[in-house]
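Asker: Below is one structure. I have some questions about it.
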Amino acid sequence: MRSFYLILISMWLLPLLASYASGQATTTRPALAFVQRDGARLLLDGKPFRFSGVNIYWLGQDRIDGKIVYPTRFRIDDALDTAREMGENVVRIETFAESQGSPLSIEPALNQFNEEAFEVRDYVLKAAGDRGIRLIIPFVDNWYYSQGGKHCYTDWRGITDPKKEVPYGDAKARAFYTDPQVIADFEAYIAHVMNHVNRYTGLAYKDDPAIFCWETGDELNYCPGEWTQQITDYIKSIDAKHLVMDGKNIGDGFDYYPWKKLAGVDIESPHYHTDLLEPALKIFAEQDKVAIIGEFKWNGKVDLDAYLKMIENDPRISGDLYWDLMPHADDHGFIQHDDNLTLHYPGDTKDMRDRAALLRAHAYRMRGEPVPAPAVCAAPLITSVVRKGDAAVIAWRGVAGADKYSIEYSTSDVAGPWTAVPNPMTDNESPWTDNPGPAAASMVYRVRAYNLAGVPGEYSAPAAVAK
Numbered sequence: 001m002r003s004f005y006l007i008l009i010s011m012w013l014l015p016l017l018a019s020y021a022s023g024q025a026t027t028t029r030p031a032l033a034f035v036q037r038d039g040a041r042l043l044l045d046g047k048p049f050r051f052s053g054v055n056i057y058w059l060g061q062d063r064i065d066g067k068i069v070y071p072t073r074f075r076i077d078d079a080l081d082t083a084r085e086m087g088e089n090v091v092r093i094e095t096f097a098e099s100q101g102s103p104l105s106i107e108p109a110l111n112q113f114n115e116e117a118f119e120v121r122d123y124v125l126k127a128a129g130d131r132g133i134r135l136i137i138p139f140v141d142n143w144y145y146s147q148g149g150k151h152c153y154t155d156w157r158g159i160t161d162p163k164k165e166v167p168y169g170d171a172k173a174r175a176f177y178t179d180p181q182v183i184a185d186f187e188a189y190i191a192h193v194m195n196h197v198n199r200y201t202g203l204a205y206k207d208d209p210a211i212f213c214w215e216t217g218d219e220l221n222y223c224p225g226e227w228t229q230q231i232t233d234y235i236k237s238i239d240a241k242h243l244v245m246d247g248k249n250i251g252d253g254f255d256y257y258p259w260k261k262l263a264g265v266d267i268e269s270p271h272y273h274t275d276l277l278e279p280a281l282k283i284f285a286e287q288d289k290v291a292i293i294g295e296f297k298w299n300g301k302v303d304l305d306a307y308l309k310m311i312e313n314d315p316r317i318s319g320d321l322y323w324d325l326m327p328h329a330d331d332h333g334f335i336q337h338d339d340n341l342t343l344h345y346p347g348d349t350k351d352m353r354d355r356a357a358l359l360r361a362h363a364y365r366m367r368g369e370p371v372p373a374p375a376v377c378a379a380p381l382i383t384s385v386v387r388k389g390d391a392a393v394i395a396w397r398g399v400a401g402a403d404k405y406s407i408e409y410s411t412s413d414v415a416g417p418w419t420a421v422p423n424p425m426t427d428n429e430s431p432w433t434d435n436p437g438p439a440a441a442s443m444v445y446r447v448r449a450y451n452l453a454g455v456p457g458e459y460s461a462p463a464a465v466a467k
């Protein structure tokens with residue numbers, strides 16, 4: 001029986017240690033080229049490039065139970081594996097370089113840089129490149145979120161930037177965009193991020209083709225064109241390889257810079273506003289800019305099928321990214337989020353499953369590829385098996401692309417024989433309670449995942465009931 005406990009301990013402890021360890025991933029990165037622009041279209045390896053992607057905002061810095069934390073390796077890998085399974089080859093990460101004002105930020109205080117904050121970003125960038133996924137990286141956020149934002153730079157200089165959005169005329173609200181010292185502070189931050197050398201790839205961020213483009217910021221409403229031009233010029237003075245996306249968003253009214261065409265800006269990216277897409281796309285095409293939909297809702301009253309077909313059939317749109325994807329939790333089930341836009345793949349409900357299937361098919365159509373069969377799932381991890389009276393409570397950590405899980409038990413040892421529990425489980429049924437009676441004291445369990453086609457993956461390592 002002691003061997004059973006050793007199995008359980010090793011399965012529980014070692015993966016958790018690995019999720020926080022800093023070491024190079026074992027996968028080999030495929031050859032990647034930089035995404036380029038030809039007028040209003042994107043090119044990759046000299047061929048037209050269209051994509052469908054996803055916003056995974058928390059990949060650089062997370063907030064769990066009100067506390068700012070770095071995401072674990074498991075959650076990073078699970079999210080990227082899920083994006084890849086869904087056919088998504090571009091991921092937008094708000095917290096990768098939007099990282100100011102907290103102890104875990106890249107810039108906790110003015111002109112103070114936390115090099116350890118780069119470790120998780122280095123891993124994310126390598127892990128994405130290893131999967132053939134490219135990243136969109138904004139530099140600052142308009143809003144007062146936990147990852148920081150433009151208010152940090154005005155706060156650090158003693159300028160109170162009101163939280164409520166106000167028009168162009170308010171001097172305090174415009175200080176981030178107009179004060180020379182504040183702009184210089186922000187430019188210093190941009191340079192520090194772009195020149196950082198990834199400890200896992202040996203590449204400076206500015207030299208890594210796994211970055212799709214830099215974005216001046218996230219939803220920079222009331223942002224003047226002169227500021228966008230200055231920041232774009234500054235980015236390109238350091239990095240001539242990557243494209244630059246304008247972080248100004250279309251707000252409640254269409255107010256795109258009407259007075260000038262911004263040189264150097266490659267990409268424009270409206271968020272959500274389907275009723276405003278047509279005038280936006282018309283202006284972007286006139287200005288010879290690439291258009292992507294930076295954020296859109298996948299759920300609610302949206303006719304998602306019609307919306308995705310509209311995108312596919314409009315050559316003015318080079319790509320789109322829905323909001324947002326959440327991974328499996330480290331122990332069991334999924335990470336939950338309260339924004340009412342969270343997608344768990346392949347879906348917690350019939351509606352979510354139907355819409356996730358539409359998103360997957362759309363991603364491959366945007367790539368001009370047939371929709372492949374679901375990938376075979378990796379082996380799950382049993383995270384605990386605890387005896388409660390004559391019952392045994394089994395928890396397992398899910399795997400990307402899993403539709404169902406089978407549970408098998410043995411009353412002898414890890415070699416079996418094994419008996420399957422009659423009904424398959426979903427991620428949302430972990431932990432599961434077995435009621436074998438007094439035999440629970442000698443039970444051993446194993447779990448395996450089935451993909452959407454019903455194909456089984458590898459078994460988990462077996463785990464014995466712990467006293």
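For what it's worth, the working numbering labels the leading residue of the sequence shown as 1, then goes sequentially. Ideal placement from N, C-alpha and C gives every residue a C-beta, glycine not left out.
In whole angstroms, give me the CA-to-CA distance for ILE394 and TYR450.
Answerer: As a first step, residue 394 is located in the sequence shown; it is residue number 394 there, counting from the start. As a first step, residue 450 is located in the sequence shown; it is residue number 450 there, counting from the start. Each residue's Cα considered, the two are about 18 Å apart.
Asker: Can you find the residues in the same chain that come closer than 7 Å, C-beta to C-beta, to ILE190, ignoring five residues on each side of it along the sequence?
Answerer: Position 190 of the sequence shown holds residue 190. The residues are PHE139, TYR234 and ILE235.
Asker: Does the Cβ of GLY217 have 16 or more other Cβ atoms within 10 Å, making it buried, or fewer, making it exposed?
Answerer: Counting from 1 along the sequence shown, the entry for residue 217 is found at position 217. Buried: at least 16 other Cβ atoms inside 10 Å.
Asker: Less than 7 Å between the CB of ARG73 and some heavy atom of the ligand ATP, yes or no?
Answerer: Ligands displayed in this structure: none; no statement on the ligand ATP is therefore possible.
Asker: So the candidates are PHE51, ARG316 and GLY39; which of them puts its Cα closest to the Cα of ARG360?
Answerer: Here residue 360 refers to the residue found at position 360 of the sequence shown. Nearest C-alpha to ARG360: PHE51.
Asker: List the residues that DSSP assigns as beta-bridge partners of PHE186.
Answerer: The count along the sequence shown starts at 1 and reaches residue 186 at position 186. Looking at the DSSP assignment, PHE186 forms no beta bridge with any residue, so it has no partner.
Asker: Under the DSSP definition of a beta bridge, which residues are partnered with ASP348?
Answerer: As a position in the sequence shown, residue 348 is number 348, starting the count at 1. Beta-bridge pairing links ASP348 to no other residue.
Asker: Mark TYR445 as exposed unless 16 or more other C-beta atoms lie within 10 angstroms of its C-beta, in which case mark it buried.
Answerer: For the purposes of this step, residue 445 is taken as the residue at position 445 of the sequence shown. So TYR445 counts as buried.
Asker: Please classify TYR468 as buried or exposed, where buried requires at least 16 other C-beta atoms within 10 Å of its C-beta.
Answerer: Given a span of 1 to 467 for the chain in the structure shown, any question on residue 468 remains unanswerable.
Asker: Assign TRP432 to one of three DSSP states: helix, strand, or coil.
Answerer: For the purposes of this step, residue 432 is identified with residue 432 of the sequence shown, where counting begins at 1. Strand.
Asker: Which stretch, first to last residue, makes up the beta strand (DSSP E) that contains GLU295?
Answerer: Working through the sequence shown from its first residue, we reach residue 295 at position 295. It spans 290 to 297 - the beta strand (DSSP E) in which GLU295 sits, taken as one unbroken run.
Asker: Give the single residue among LYS241, HIS271, ASP246 and PHE284 whose Cα lies nearest to the Cα of GLU226.
Answerer: Start at 1 with the first residue of the sequence shown, and residue 226 comes out as number 226. Nearest of LYS241, HIS271, ASP246 and PHE284 to GLU226, Cα basis: ASP246.
Asker: Measuring only the C-alpha atoms, how far is THR26 from ARG355?
Answerer: By 1-based counting over the sequence shown, the position of residue 26 is 26. By 1-based counting over the sequence shown, the position of residue 355 is 355. Confidence is the limiting factor: at THR26 the pLDDT is only 43, short of 50, which leaves the residue's position unreliable and the question unanswerable from this model.
Asker: Between which residues of its own chain and GLY264 is the CB-CB distance below 8 Å, once the five residues before and five after are set aside?
Answerer: For this step, residue 264 is matched to residue 264 along the sequence shown. The answer, listed in chain order, is GLN229, THR232, ASP233, LYS236 and VAL244.
Asker: Classify PHE74 as helix, strand or coil using the three-state DSSP reduction.
Answerer: As a first step, residue 74 must be located in the sequence shown, where it is residue number 74. Three-state DSSP puts PHE74 in a helix.
Asker: So, under 8 Å CB-CB, PRO438 and ALA392 are touching, yes? Tell me the CB distance rounded to an integer number of Å.
Answerer: Translated into the one-based positions of the sequence shown, residue 438 becomes position 438. Translated into the one-based positions of the sequence shown, residue 392 becomes position 392. The pair is not a contact, with the Cβ atoms about 11 Å apart (cut-off 8 Å).
Asker: Going by beta carbon distance, what residues of the same chain come within less than 6 Å of LEU277, once the five residues before and after it are set aside?
Answerer: Taking the first residue of the sequence shown as position 1, residue 277 is located at position 277. Counting only Cβ-Cβ distances below 6 Å, and skipping sequence neighbours, we find nothing.
Asker: Is it right to say PRO71 is buried, meaning 16 or more other beta carbons lie within 10 angstroms of its own, or is it exposed?
Answerer: The sequence position of residue 71 within the sequence shown is 71, counting from 1. Burial call: buried.
Asker: On a Cα-Cα basis, can you pick out the residue from GLY416, ALA466 and ALA400 that is closest to GLY457?
Answerer: In the sequence shown, the residue the question calls residue 457 occupies position 457. Taking only the C-alpha atoms, the option nearest GLY457 is ALA400.
Asker: Kindly list the residues whose CB is nearer than 6 Å to the CB of PHE96, restricted to its own chain and excluding five residues on each side of it in sequence; keep chain order.
Answerer: As a working note, residue 96 is residue 96 in the sequence shown. Result list for PHE96: GLY60, ARG121 and ILE137, in chain order.
Asker: Our contact map puts VAL385 next to ILE407 with C-beta atoms below 8 Å; I'd like the distance itself, whole angstroms only.
Answerer: Here residue 385 corresponds to residue number 385 of the sequence shown, with the count starting at 1. Here residue 407 corresponds to residue number 407 of the sequence shown, with the count starting at 1. Not really, about 11 Å apart at Cβ, beyond 8 Å.
Asker: Can you check which of these residues, PRO108, PRO209, ALA204 and GLY202, is closest to ILE133 by C-alpha distance?
Answerer: Residue numbering aside, residue 133 sits at position 133 when the sequence shown is read from its first letter. Ranking PRO108, PRO209, ALA204 and GLY202 by Cα distance to ILE133 puts PRO209 first.
Asker: Excluding the five sequence neighbours on either side, which residues of its own chain have a C-beta within less than 7 Å of the C-beta of LEU308, listed in chain order?
Answerer: Within the sequence shown, the letter at position 308 stands for residue 308. Around LEU308: LEU358 and HIS362.
Asker: Is it true that the CB of ALA373 sits closer than 8 Å to the CB of ALA285?
Answerer: As a first step, residue 285 is located in the sequence shown; it is residue number 285 there, counting from the start. As a first step, residue 373 is located in the sequence shown; it is residue number 373 there, counting from the start. Not closer than 8 Å, so no.
Asker: Would you mind working out which of ALA128, VAL69, MET86 and GLU119 sits nearest SER102, comparing C-alpha positions?
Answerer: Translated into the one-based positions of the sequence shown, residue 102 becomes position 102. Closest by alpha carbon: VAL69.
Asker: For the putative contact between LYS126 and ASN55, defined by C-beta atoms under 8 Å, what is the C-beta separation to the nearest angstrom?
Answerer: What you label residue 126 is simply residue 126 of the sequence shown in a count that begins at 1. What you label residue 55 is simply residue 55 of the sequence shown in a count that begins at 1. Between ASN55 and LYS126 the Cβ distance is about 20 Å, and since that is not below 8 Å, they are no contact.
Asker: State buried or exposed for PRO370, treating a residue as buried only when at least 16 other CB atoms are found within 10 Å of its CB.
Answerer: For the purposes of this step, residue 370 is taken as residue 370 along the sequence shown, with counting starting at 1. Answer is exposed; the Cβ neighbour count stays below 16.
Asker: For the alpha helix (DSSP H) containing SER237, name the first residue and the last one.
Answerer: As a position in the sequence shown, residue 237 is number 237, starting the count at 1. Looking at the DSSP string, the run of the alpha helix (DSSP H) that includes SER237 is 225 to 238.
Asker: Could you check where the beta strand (DSSP E) with TYR405 kicks off and where it finishes?
Answerer: Start at 1 with the first residue of the sequence shown, and residue 405 comes out as number 405. Segment 404 to 410, the beta strand (DSSP E) holding TYR405.
Asker: Ignoring anything shorter than 4 residues, give me the alpha helix (DSSP H) runs that lie fully in the segment 106 to 178, in order along the chain.
Answerer: The qualifying runs are 117 to 130, 150 to 156 and 171 to 178.
Asker: Just how far apart, CA to CA, sit ALA31 and ARG367?
Answerer: As a first step, residue 31 is located in the sequence shown; it is residue number 31 there, counting from the start. As a first step, residue 367 is located in the sequence shown; it is residue number 367 there, counting from the start. For ALA31 and ARG367, the distance between alpha carbons rounds to 18 Å.
Asker: Is the distance from the Cβ of ASP207 to the Cβ of ARG37 below 8 Å?
Answerer: Sequence index remark: in the sequence shown, residue 207 carries index 207 (1-based). Sequence index remark: in the sequence shown, residue 37 carries index 37 (1-based). Going by C-beta atoms, ASP207 is not nearer than 8 Å to ARG37.
Asker: Give me, in chain order, the residues of the same chain whose beta-carbon lies closer than 7 Å to that of LEU104; leave out the 5 immediate sequence neighbours on both sides.
Answerer: Taking the first residue of the sequence shown as 1, we reach residue 104 at position 104. Here the set comprises GLN61, ILE68, TYR70 and ALA117.
Asker: By a C-beta neighbour count over all protein chains shown, 10 Å radius and 16 as the cutoff for buried, is SER318 buried or exposed?
Answerer: Looking up residue 318 in the sequence shown gives position 318. Result: buried.
Asker: Which residues in the same chain as THR411 place their Cβ atom closer than 7 Å to its Cβ, once the five residues preceding and following it in sequence are excluded?
Answerer: Numbered from 1 along the sequence shown, position 411 holds the residue referred to as residue 411. Excluding residues within five positions, the ones whose Cβ falls inside 7 Å are ALA439, SER442 and MET443.
Asker: Is the segment 74 to 90 in contact with the segment 321 to 329, if contact means three or more CB pairs nearer than 8 Å?
Answerer: Contact between the segment 74 to 90 and the segment 321 to 329 is present, because at least three Cβ pairs lie under 8 Å.
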